[in-house]
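Peer 1: Taking this note's numbering, the leading residue of the sequence shown gets 180, the next gets one more, and so forth. Using N, Cα and C, we set each Cβ at its ideal position, and we do this for glycine too.
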Amino acid sequence: MKKRFLSLALVLYCTHASAENFAPQLKGKRLILENAACAGWTFDPSGRFTDWRNEGDCAGTAGDYKSRWHVQWLDNDNLVLTETERSDEKMPPRNFVYQVVSINGRTVKLKEFWTGWGEHRPSITTFTIR
């Protein structure tokens with residue numbers, strides 16, 4: 180039993196120790212949703228903030244609206260995005276919890292963990308760096 184525990188601990192430690200640090204790779208990058216013209220995240224060069232832009236906002240019909248989100252890295256590949264502007268005084272800020280699955284060339288895959296009501300499985304969303 181003790182050997183199993185030590186083996187599991189060693190595997191988890193090695194896996195975490197070898198994890199790639201994705202935070203610097205996203206600083207200053209614009210991630211466009213797959214099959215979108217311009218909707219997606221734009222990470223600030225400081226890495227502390229990101230802006231979300233919807234597809235309709237890109238066409239100019241809704242102006243140049245972007246929502247600002249605070250970026251908090253939990254570790255090398257997991258991050259929490261928290262909205263910075265209150266849309267309703269009675270509601271808490273919205274959050275996104277992501278795991279960076281991979282960055283290959285200009286393709287970024289993020290696994291989103293649901294933080295709202297109800298049960299939803301994590302989903303993987305693909306973005307292109309522009």
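1) Could you tell me whether the Cβ atoms of V279 and T294 are closer together than 8 Å?
2) Which class does K181 belong to by DSSP, given the choice of helix, strand or coil?
3) Can you grab the Cα-Cα spacing for the pair R309 / I282, in whole Å?
4) Please report how far the alpha carbon of H195 lies from the alpha carbon of A202, in whole angstroms.
5) Does the Cβ of R232 have 16 or more other Cβ atoms within 10 Å, making it buried, or fewer, making it exposed?
Peer 2: Let's see:
1) no
2) Confidence is the limiting factor: at K181 the pLDDT is only 46, short of 50, which leaves the residue's position unreliable, though a coordinate-based value still follows. K181: helix per DSSP, three-state reduction.
3) 13 Å
4) Unreliable positioning characterises H195 in this predicted model, as indicated by a pLDDT of 48, which lies under 50. The coordinate reading is nonetheless provided below. H195 and A202: Cα-Cα distance of roughly 15 Å.
5) buried
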